[in-house]
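**Student:** In this text, residue positions in the sequence shown follow the working numbering: the first is 25, and each later residue adds one.
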Amino acid sequence: MAKLTDFFAGLFRPRESDENQYYDVDETVTPTALTPRPADVTPNVPLSATPEFKPKPYPNTVLQPAPVYERQPAPVYDRQPTPIIEKQLAPEPVEIPKIEIEIPYWLDDEDMLRDEGVLFGLSESDPNEKTDIIQKYFSNLAAGYIANIEEQNERIQELNLFIGQKNNRIEELQEKLKNPASRSEREHHLPRTLIGITLCIAMCVGNFFLIRESLKPVFADNSWIALGVFLAGMFSLFGRISLFHDTESRVTWKSLLEEVGLPFASALFVFANVITHQTWWQASALFIFVFFLFLFAGKLLLSNITVLRNDLQSWLNIQKDRKDFEDNNYNWETESQRLHEEIDELRVKKWQILREQSNAETERDRLFAKRDMLVKLFESEFYLARKMKNELTTRQLNLIQRGIK
25 MAKLTDFFAG
35 LFRPRESDEN
45 QYYDVDETVT
55 PTALTPRPAD
65 VTPNVPLSAT
75 PEFKPKPYPN
85 TVLQPAPVYE
95 RQPAPVYDRQ
105 PTPIIEKQLA
115 PEPVEIPKIE
125 IEIPYWLDDE
135 DMLRDEGVLF
145 GLSESDPNEK
155 TDIIQKYFSN
165 LAAGYIANIE
175 EQNERIQELN
185 LFIGQKNNRI
195 EELQEKLKNP
205 ASRSEREHHL
215 PRTLIGITLC
225 IAMCVGNFFL
235 IRESLKPVFA
245 DNSWIALGVF
255 LAGMFSLFGR
265 ISLFHDTESR
275 VTWKSLLEEV
285 GLPFASALFV
295 FANVITHQTW
305 WQASALFIFV
315 FFLFLFAGKL
325 LLSNITVLRN
335 DLQSWLNIQK
345 DRKDFEDNNY
355 NWETESQRLH
365 EEIDELRVKK
375 WQILREQSNA
385 ETERDRLFAK
395 RDMLVKLFES
405 EFYLARKMKN
415 ELTTRQLNLI
425 QRGIK
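1) Check His212 in the structure and name its three-state DSSP category.
2) What residue range does the alpha helix (DSSP H) around Arg346 cover?
3) Which of helix, strand or coil does DSSP assign to Ile225?
4) What number of angstroms, rounded off, separates the C-alpha of Glu134 from the C-alpha of Ala167?
5) Contact between the stretch 394-414 and the stretch 135-149 is defined here as three or more beta-carbon pairs at a separation below 8 Å; is this criterion met?
6) Let me confirm a value: Ser404 is counted as buried when at least 16 other C-beta atoms fall within 10 Å, else exposed. Which label applies?
7) Using a Cβ-Cβ cut-off of 6 Å (strictly less than) and excluding sequence neighbours within five positions of Leu423, which residues of its own chain qualify?
8) Out of curiosity, what's the CA-to-CA distance linking Glu282 and Ala256?
9) Please classify Ser238: is it buried, with 16 or more other beta-carbons within 10 angstroms of its beta-carbon, or exposed?
10) Rounded to the nearest angstrom, how far is the Cβ of Val294 from that of Val253, given a contact under 8 Å?
11) Distance, Cα to Cα, Glu178 vs Glu385?
12) If you drop the 5 nearest sequence neighbours on each side, which residues of the same chain put their C-beta closer than 6 Å to that of Glu140?
13) Take the Cβ of Asn231 as the centre, count every other Cβ of all protein chains shown within 10 Å, and call the residue buried at 16 or more, exposed below.
14) Look at Ile173 and Gln376 and say whether their C-beta atoms are less than 7 Å apart.
15) Express the C-alpha separation of Leu280 and Leu319 in angstroms, rounding to a whole number.
16) Using three-state DSSP, classify Ala240 as helix, strand or coil.
17) Between the C-alpha atoms of Pro287 and Phe315, what's the straight-line distance to the nearest angstrom?
18) So Thr217 packs on Asp335, CB below 8 Å; how close in whole Å?
19) For Ile225, which of Glu357, Leu326, Thr330, Lys344 has the nearest alpha-carbon?
20) State buried or exposed for Asp102, treating a residue as buried only when at least 16 other CB atoms are found within 10 Å of its CB.
21) State yes or no: is the C-beta of Phe186 within less than 7 Å of the C-beta of Leu370?
22) Taking Ser163 as part of the alpha helix (DSSP H), name the residues at either end of that continuous run.
23) Do you know how far the Cα of Arg362 is from the Cα of Gln198?
24) Determine the direct distance from the alpha carbon of Ser308 to that of Gln302, and round the result to whole angstroms.
25) Are there 16 or more other CB atoms within 10 angstroms of the CB of Met492, so buried, or fewer, so exposed?
26) Does DSSP put Thr217 in a helix, a strand or coil?
27) Please list, in chain order, all residues of the same chain as Leu165 whose beta carbon is under 7 Å from its beta carbon, the five residues on each side excluded.
28) What is the rounded straight-line gap between the Cα of Lys190 and the Cα of Leu183?
29) Measure the beta-carbon distance from Phe402 to Lys154 and round it to whole angstroms, keeping in mind my assumption that it falls under 8 Å.
30) Would Ile158 and Leu398 be called neighbours here (beta carbons separated by less than 7 Å)?
31) What first and last residue would you give for the alpha helix (DSSP H) that runs through Glu134?
32) For Leu317, does the count of other Cβ atoms within 10 angstroms reach 16, so buried, or fall short, so exposed?
33) What's the C-alpha gap between Pro117 and Ala393?
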């Protein structure tokens, strides 16, 4: 009876296979609401035919939650691309494969080249077929050296351009350091111009007082009259340039009347008023003197004002150059020294490039010399065989060809 009870109780005990089926520790499952399975609970089955029996607990009847049901933090994924992906996505530079031309077997050995020349000479072949191959082969060998020489020439031209620009800048700085403000185009005669303007103004003022004193016996209040006569005579002051100095314009009677009319009329007015109380000699001398003062004093004053403007501009430029020289003397010397150092560096680079270019030219010339030598060698054997072809018998020709092969 006890065995029967143990049999029925064992039916409801959990098995190891059930645990492996329902609690797979190697499988990652997102935890959800746990629903107890029938294997987790031991049901109470009433047995009417037998007395109540409580079986001994199985050592593994108390089941602990599997570790897979514990809440674990969600994995954080890095959104940035990994270096491996970047390396895969980065475009790799495509290298152009170099095409290497194999040297013909008959060109690798001079004896074989001679034999080839003899075979071509004995046959009816054109020698240009072989010489063209030789030319093309050595042209391919020298292509790299020729490209290198052209590249070095371009670099040398660029360096020469940079050196020339820096030399021009050095010459400009040296000119500024030697002659800071003594350029001929900026020479001025400012003191002489100022003295000339002062004398012209004094001459005009003296002419006004001379006219006023000459008209005093005739007019009681002669100041305003003398001023009017003086301004009328000085009308030429407002002209552009005197006709006596204008060599480009054509002199007409209208322009001559405009230039001389008012000064002559003003001097004649003074002469007519002083002739009554002075001798004719004094009046004539006064007329000539006042007329020429009117005629030239205005133009002389205007010319001196124009010269004064140019002299002032030149003087200000000289002062500016001197100030710039004092302020920038150290900077110019420093820049000049720096340019000399840069030129020395460029020349060193140029010498290195020239050395590389010389080596490339040497290799190119060596290849061309070898090419010409091989061409001449082939042609000499070819023409010798072609010349001897008519002198040999067919049997001899066959023997020669077999011996070469």
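Backbone N, C-alpha and C define an ideal beta-carbon position, used for all residues, glycine too.
Keep in mind that this is a model prediction, so the values were computed, not measured.
**Tutor:** The structure says:
1) As a first step, residue 212 is located in the sequence shown; it is residue number 188 there, counting from the start. Note: His212 maps to coil in three-state DSSP.
2) Counting from 1 along the sequence shown, the entry for residue 346 is found at position 322. 304-413 is the extent of the alpha helix (DSSP H) around Arg346.
3) As a working note, residue 225 is residue 201 in the sequence shown. Helix, per DSSP.
4) Here residue 134 is taken as the residue at index 110 of the sequence shown, counted from 1. Here residue 167 is taken as the residue at index 143 of the sequence shown, counted from 1. Going by the C-alpha atoms only, they are around 23 Å apart.
5) The stretch 394-414, when compared against the stretch 135-149, does touch it at the 8 Å Cβ threshold.
6) As a first step, residue 404 is located in the sequence shown; it is residue number 380 there, counting from the start. Ser404 should be labelled exposed.
7) Start at 1 with the first residue of the sequence shown, and residue 423 comes out as number 399. Closer than 6 Å at the Cβ level, and outside the excluded window around Leu423, lies no residue.
8) The residue you call residue 282 lines up with position 258 of the sequence shown. The residue you call residue 256 lines up with position 232 of the sequence shown. So the alpha carbons of these two residues sit roughly 12 Å apart.
9) Position 214 of the sequence shown, counted from the start, is the residue given in the question as residue 238. Buried, because 16 or more other Cβ atoms sit within 10 Å of the Cβ of Ser238.
10) Counting from 1 along the sequence shown, the entry for residue 294 is found at position 270. Counting from 1 along the sequence shown, the entry for residue 253 is found at position 229. That pair is a contact at about 7 Å.
11) Numbered from its first residue, the sequence shown carries residue 178 at position 154. Numbered from its first residue, the sequence shown carries residue 385 at position 361. Rounded to whole angstroms, the gap between the alpha carbons of Glu178 and Glu385 is 15 Å.
12) Looking up residue 140 in the sequence shown gives position 116. Its chain contains Trp130 as the residues whose beta carbon lies nearer than 6 Å to that of Glu140, once the 5 sequence neighbours on both sides are disregarded; these appear in chain order.
13) Here residue 231 corresponds to residue number 207 of the sequence shown, with the count starting at 1. Buried.
14) The residue labelled residue 173 in the question sits at position 149 within the sequence shown. The residue labelled residue 376 in the question sits at position 352 within the sequence shown. Not closer than 7 Å, so no.
15) The residue labelled residue 319 in the question sits at position 295 within the sequence shown. The residue labelled residue 280 in the question sits at position 256 within the sequence shown. Whole-angstrom Cα-Cα distance: 12 Å.
16) Against the sequence shown, residue 240 aligns to sequence position 216. What sits at residue 240 in the sequence shown is Lys, not Ala. In the structure shown, Lys240 sits in coil (DSSP, three-state: anything other than H, G, I, E or B).
17) Position 263 of the sequence shown, counted from the start, is the residue given in the question as residue 287. Position 291 of the sequence shown, counted from the start, is the residue given in the question as residue 315. The alpha-carbon atoms of Pro287 and Phe315 are separated by roughly 6 Å.
18) As a working note, residue 217 is residue 193 in the sequence shown. As a working note, residue 335 is residue 311 in the sequence shown. Contact flag correct, Cβ pair sits at about 5 Å.
19) Numbered from its first residue, the sequence shown carries residue 225 at position 201. Taking Ile225 as reference, the option from Glu357, Leu326, Thr330, Lys344 with the minimal CA-CA separation is Leu326.
20) Locating residue 102 in the sequence shown gives position 78, counting from the first residue. Its pLDDT being 43, under 50, Asp102 is placed unreliably by the model, and nothing is read from it.
21) Working through the sequence shown from its first residue, we reach residue 186 at position 162. Working through the sequence shown from its first residue, we reach residue 370 at position 346. In this structure, Leu370 lies closer than 7 Å to Phe186 by Cβ.
22) Taking the sequence shown and counting its residues from 1, the one referred to as residue 163 is at position 139. Unbroken alpha helix (DSSP H) run through Ser163: 152-202.
23) Within the sequence shown, residue 198 is the residue found at index 174, counting from 1. Within the sequence shown, residue 362 is the residue found at index 338, counting from 1. Gln198 and Arg362: Cα-Cα distance of roughly 13 Å.
24) Residue numbering aside, residue 302 sits at position 278 when the sequence shown is read from its first letter. Residue numbering aside, residue 308 sits at position 284 when the sequence shown is read from its first letter. Rounded to whole angstroms, Gln302 to Ser308 spans 10 Å at the Cα level.
25) Here the chain has residues from 25 to 429 only, and residue 492 is not among them.
26) Numbered from 1 along the sequence shown, position 193 holds the residue referred to as residue 217. For Thr217, the secondary structure class from DSSP, reduced to helix, strand or coil, is helix.
27) On the sequence shown, residue 165 is found 141 positions in, with the first residue counted as 1. Counting only Cβ-Cβ distances below 7 Å, and skipping sequence neighbours, we find Leu391.
28) On the sequence shown, position 166 is the one that residue 190 refers to. On the sequence shown, position 159 is the one that residue 183 refers to. Their Cα atoms are separated by approximately 11 Å.
29) Counting from 1 along the sequence shown, the entry for residue 402 is found at position 378. Counting from 1 along the sequence shown, the entry for residue 154 is found at position 130. Yes, they are in contact, since the Cβ atoms of Phe402 and Lys154 sit about 6 Å apart, within 8 Å.
30) For the purposes of this step, residue 158 is identified with residue 134 of the sequence shown, where counting begins at 1. For the purposes of this step, residue 398 is identified with residue 374 of the sequence shown, where counting begins at 1. In this structure, the beta-carbon distance from Ile158 to Leu398 falls below 7 Å.
31) Looking up residue 134 in the sequence shown gives position 110. Glu134 -> alpha helix (DSSP H) spans 134-146.
32) Counting from 1 along the sequence shown, the entry for residue 317 is found at position 293. Classification for Leu317: buried.
33) Within the sequence shown, the letter at position 93 stands for residue 117. Within the sequence shown, the letter at position 369 stands for residue 393. For Pro117, the predicted model reports a pLDDT of 43, less than 50, meaning its position is unreliable and no value from the coordinates is stated.
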